[in-house]
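Taking it in order: structure first as structure tokens, then the write-up.
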Amino acid sequence: MFKKVILGISSLAMAAVVGLGMASEASAGPAAPLTSLSVLKVESQLGGVEYINPNSFSTTKDHGGSYLYVYTKEIGYGQFPFAKMNGFDVKSIGSQIIGGNPIVGWEYKWDASNHQEGTFEYQKTSINYPRDTWRTSLYIK
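Residues -28 to -1, 1 to 113 (mature numbering (1 follows the signal peptide of the UniProt record, and there is no 0)) are what the sequence shown spells out, left to right.
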């Protein structure tokens, strides 16, 4: 009988410890929704680095050469990304966290080196409510 009581108490104590450990993990808030998506800058052999104004529809410099990189910035958490240049998929070749703890967003580097000029398009959907899909595009000269 005494053994059963001890086992019962130790089981309850273990459940309480495990439950407390889980409670701290479960108390974290939801991820921030995607609230901003933009082209930050364009980098190429011929045009160098050009920072893009938020309201710009195209670059001011002529880009091209042996490499062409497009940097995007997003604030919030997104999913299902796609980036295209002239309708063709481009590959993400790097990313950097914006913020620290908590993470505020990300900056991505896209390799569009197979293109000299054209329209870069980027799209991502917010990971949580309201699950908006954000899009941005830029004509690169």
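All C-beta atoms, glycine included, are put in the ideal place defined by N, C-alpha and C.
Assuming residue i contacts residue j under a Cβ cut-off of 8 Å, what Cβ separation, rounded to an integer in Å, is found between them?
i	j	result
LEU9	LYS96	6 Å
GLU22	LYS33	5 Å
LEU6	TRP78	11 Å between Cβ atoms; not a contact.
What first and last residue would you give for the beta strand (DSSP E) that runs through residue i?
i	result
SER43	Note on residue identity: the sequence assigns Tyr, not Ser, to residue 43. Its beta strand (DSSP E) spans residues 40 to 47.
GLU89	Neither: GLU89 is in no beta strand (DSSP E) and is coded neither H nor E.
LYS83	At residue 83 the sequence reads Asp, which differs from the Lys that was named. 75 to 83 is the span of the beta strand (DSSP E), which, as asked, contains ASP83.
GLY20	20 to 23
THR108	105 to 112
How many angstroms separate the CA atom of residue i from the CA atom of residue j?
i	j	result
ILE99	GLY37	36 Å
THR44	GLU93	10 Å
ASN27	THR91	15 Å
LYS56	VAL62	5 Å
GLY48	GLY71	11 Å
PRO53	TYR80	11 Å
GLY59	SER109	12 Å
ILE112	GLU89	5 Å
TYR39	GLN51	27 Å
TYR101	ALA4	9 Å
ILE75	HIS35	32 Å
SER67	SER85	17 Å
> What beta strand (DSSP E) runs, 3 residues minimum, are completely inside the segment 51 to 75?
Replying inline: 63 to 71
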